[in-house]
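Enquirer:
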Amino acid sequence: MQKEQSMRVENLVKNFGKGDSLVSVLEGASFTINKGELIALVAPSGAGKTTLLMMLGCVIEPTSGSMWLGEKKVYENRWLTKDSRKIRRQKIGFIFQAHYLIPFLNVLENVTLVPLTNQVPTKEANAHAMELLQYFDIAEKAYNKPSQLSGGQNQRVAIARALANNPEIILADEPTAALDTERSISVVKMLKKIATEQNVAIIMVTHDDRMLEYCDRVMKIEDKKIVFI
Amino acid sequence: MINLAQKDIAHTLGKFVVTAMGVGMLLGIVLIMIGVYRGLLVDAQILLDNVGADLWIVQENTMGPFAESSRIHEDLKDTLKVIEGIDKAEAMTFQNLQLYGQEKPVRVTVVGYNPHAEINPINKNYLIQGRALQQAHYEVVVSVETGFNFHDTINIGRNIYTVVGVLKKGCVSSSGDPLIYVSLKDAQELQFSYSNANIRNDRDRGIAGDGDTHIANAIVATIKVGYDVKTIANKIGMWKHQSVFTNEEQITVLTKNLVERSAKQIGLFTVILVVVSTIIIGLIIYTMTLEKIKEISIMKLIGIPDSLIVKMVVQETVLLGFFAFVFGNIFSNLTYDKFPKRVVLESTDAFILFGVIIIASILASFVGVAKVVRADPTVAIGG
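Each protein sequence line maps, in turn, to chains E and V.
Read in order, the letters of the first sequence correspond to residues 1 to 229 in the working numbering.
Read in order, the letters of the second sequence correspond to residues 1001 to 1383 in the working numbering.
(1) Applying a beta-carbon distance threshold of less than 9 angstroms, which residues of chain E neighbour leucine 1013 of chain V?
(2) On the DSSP bridge list, what partners appear for aspartate 173 of chain E?
(3) To the nearest angstrom, how far is the alpha carbon of valine 1018 of chain V from that of phenylalanine 1331 of chain V?
(4) Measuring only the C-alpha atoms, how far is methionine 1092 of chain V from alanine 1187 of chain V?
(5) I think glutamine 5 of chain E touches glycine 70 of chain E, with their Cβ atoms under 8 angstroms apart; what is that distance to the nearest whole Å?
(6) Which residues in chain V have a C-beta closer than 9 angstroms to the C-beta of glutamate 109 of chain E? List them in chain order.
(7) Considering just the uninterrupted stretch of the beta strand (DSSP E) at alanine 29 of chain E, what are its terminal residues?
(8) So isoleucine 1309 of chain V contacts chain E; which residues on that side make the cut at Cβ distance below 9 angstroms?
(9) Which residues in chain E have a C-beta closer than 9 angstroms to the C-beta of alanine 1380 of chain V? List them in chain order.
(10) Does any residue of chain E bring its CB to less than 8 angstroms from the CB of leucine 1040 of chain V?
(11) Provide the residue(s) that pair with proline 1073 of chain V in DSSP beta bridges, ordered along the chain.
(12) 8 angstroms is my cut-off, CB to CB: does leucine 116 of chain E come that close to chain V?
(13) By the criterion of Cβ-Cβ separation under 8 angstroms, what are the contact partners of leucine 1179 of chain V in chain E?
(14) Along the stretch 50 to 73 of chain E, where does the CB come closer than 8 angstroms to a CB of chain B? Name the residues.
(15) Does arginine 210 of chain E come out as helix, strand or coil in the three-state DSSP assignment?
(16) Keeping to the same chain, check which residues put their C-beta closer than 8 angstroms to that of valine 1051 of chain V; ignore five residues upstream and five downstream.
(17) Mind checking which residues open and close the alpha helix (DSSP H) that includes aspartate 1349 of chain V?
(18) Would threonine 181 of chain E be called buried (16 or more neighbouring beta carbons within 10 Å of its own) or exposed?
(19) If you draw a straight line from the alpha carbon of glutamate 1139 of chain V to that of valine 1275 of chain V, how long is it in whole angstroms?
(20) What does phenylalanine 104 of chain E touch in chain V if you count any residue whose Cβ is under 9 angstroms from its own?
(21) Buried or exposed: which applies to arginine 88 of chain E, given that a residue is buried once 16 or more other Cβ atoms fall within 10 Å of its Cβ?
(22) Please list, in chain order, all residues of the same chain as serine 147 of chain E whose beta carbon is under 7 angstroms from its beta carbon, the five residues on each side excluded.
(23) Using the Cα positions of isoleucine 1358 of chain V and valine 1369 of chain V, report the straight-line distance between them to the nearest angstrom.
(24) Mind checking if proline 1105 of chain V is an interface residue toward chain E, Cβ cutoff 8 angstroms exclusive?
(25) Can you give the Cα-Cα distance for proline 175 of chain E and valine 1030 of chain V, rounded to whole angstroms?
(26) Quick one: complete beta strand (DSSP E) runs, 3+ long, within the stretch 1171 to 1207 of chain V?
(27) Taking only beta-carbon positions, decide if leucine 113 of chain E is within less than 8 angstroms of chain V.
(28) Which class does arginine 78 of chain E belong to by DSSP, given the choice of helix, strand or coil?
(29) Taking C-beta pairs closer than 9 angstroms, name the residues in chain V that lysine 86 of chain E reaches, listed in chain order.
(30) Output the distance between the C-alpha atoms of leucine 1040 of chain V and glycine 1328 of chain V, rounded to the nearest integer angstrom.
(31) From glutamate 1145 of chain V to lysine 1168 of chain V, what does the alpha carbon distance come to, in whole angstroms?
(32) Taking only the alpha-carbon atoms, compute the straight-line gap between histidine 128 of chain E and alanine 164 of chain E and give it to the nearest angstrom.
(33) Can you find at least 3 beta carbon pairs, one from the stretch 1335 to 1345 of chain V and one from the stretch 1255 to 1271 of chain V, that sit closer than 8 angstroms?
(34) Just the Cα atoms here: how many angstroms apart are isoleucine 1046 of chain V and valine 1172 of chain V?
(35) For chain V, check one thing: does any of its Cβ atoms lie closer than 8 angstroms to the Cβ of arginine 89 of chain E?
(36) Answer yes or no: do isoleucine 1057 of chain V and isoleucine 1236 of chain V have a C-beta to C-beta separation smaller than 8 angstroms?
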């Protein structure tokens, strides 16, 4: 059975500066990520993890190459849509080191903010958000503010927010950085479960080699090139 | 769609309310400043309205007793009375002096008029106790703001006067000093007669006479129905040794020549306060935006469009301006009557200020909006 494509990049290049001051960060990266996969992205500091993550997240523009989200081509030497932010809110979910929930919105509002911005009807957005909150066993906190939740609960809400727009891919930026080993393993296991059960691809940046065994593949940046190990 | 401004305000309601109250007090002061100007205009016209004259005949080449010193012979009134179209003509005096007998001296404007004449400058509707003058001497009608009571006695000049009438609060001259009324004869003596020592000294110097007290500061006249005020004013204006003003011209002298500078001063002060309020609102919004900059970056990163975030900032600023305006109105209405001079709050001024503050708030929101537009969505990635 052929796996469904979540993201594909071809010959992706990123340079900063021009002429003599040109700095090359990524040279011709090509890879495909399938739905249901949990991919670990590892690289030494300064190797370009963040730059790659921001390019895949349509936050910064690559220098050249092509990029697909699902079956839709979103980049070919330029963004193929005027509003790259629209791509983010429709096709990408983000998980950060800290939960970064909006403090003046309650849990339900945090989760529904992006779907509602995508013009999903309120009733439908709320129902889907409640399903996700139930999935993460936190539905009873739906009307609480983030300040009234524990760190772990907030992280689960943040993951629910990332899933709320039914994304093609979730980009997780070191979600275990601030956690001890036990909790880190628990979070990575949860991400794997989500990837499988929600049929969504997840790229997770990590510095912790102990987490790699829970991932389907490991993506590494070596000498400005992407290699899978 | 979630109203982000409403949610953010509800999240920090106490801070928002206190901020709005602070800015509101500034706006309240703006309203009071405008009220002070309105009060000046009202004060300027009270005396003129009460006298009810059509014409003011004053010393030649002067603008009358409210603008500068004016002396004119009292008997001119008799000459005026025979002019066709003149209904009544009476002499009046106006002077400022200090009254003693209270804890602090009270500065007042003294109006001298003939109690038996046909023109009576005391508006009987303003009398809250007693009556107008009836005797030719030593009676005084005072504004309640002087602090003197009915039947009190007051030393004025060389004589003792009895308070026979008390006028309600707000009976003041254009300078805001309380009005008191004495008979023309008493007023002339107060203003024009010399002390005994001075008279003796003048005699020793070879200067004859005890000083003519049959002088007034103005002759006021009313016009019979059917006659044109301006025509009669022009006719009198052709005479030598006096100038003539219609009542409207006297109002202009008071409101334009005397109040104008104060009005400009107050106007400038008001403009500065509005500008300061705008800057303060701008700074508050800038600070509020800075406090949320991380959340704004996250929102931008997860795909929330700038328009939605900008809407939040603009709505919060306009709401801050609106509530500040409401608090300003409450503040000004609670305090305006505590001011020593008349403050007149008019709803028209409040509506204009409301418009100005809403526009100012929108302008002030630009500093927050600029911050939103510049917020970097990448700050959340890469720790």
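Cβ coordinates follow ideal geometry from the N, Cα and C atoms, glycine included.
Expert: Answer, in terms of the structure:
(1) None at all; the shortest Cβ gap to chain E is about 11 angstroms.
(2) E/Val205
(3) 14 angstroms
(4) 9 angstroms
(5) 7 angstroms
(6) Ile1002 and Lys1007
(7) 23 to 34
(8) Within chain E, no residue comes near isoleucine 1309 of chain V; the closest Cβ sits about 11 angstroms away, beyond 9 angstroms.
(9) Phe94, Phe96, Gln97, Ala98, Tyr100 and Asp173
(10) no
(11) Per the sequence shown, the amino acid found at residue 1073 of chain V is histidine instead of proline. V/Ile1215.
(12) yes
(13) Residues of chain E passing the Cβ test: none, with the nearest at roughly 59 angstroms.
(14) Structure shown: chain B not included; protein chains present are E and V.
(15) helix
(16) Met1092, Ile1119, Pro1121 and Val1220
(17) 1347 to 1374
(18) exposed
(19) 52 angstroms
(20) Leu1004, Lys1007, Asp1008, Ile1009, Ala1010, His1011, Thr1012, Lys1292 and Glu1295
(21) buried
(22) Pro103
(23) 16 angstroms
(24) no
(25) 53 angstroms
(26) 1179 to 1183
(27) yes
(28) coil
(29) Gly1303 and Pro1305
(30) 21 angstroms
(31) 8 angstroms
(32) 7 angstroms
(33) no
(34) 7 angstroms
(35) yes
(36) yes
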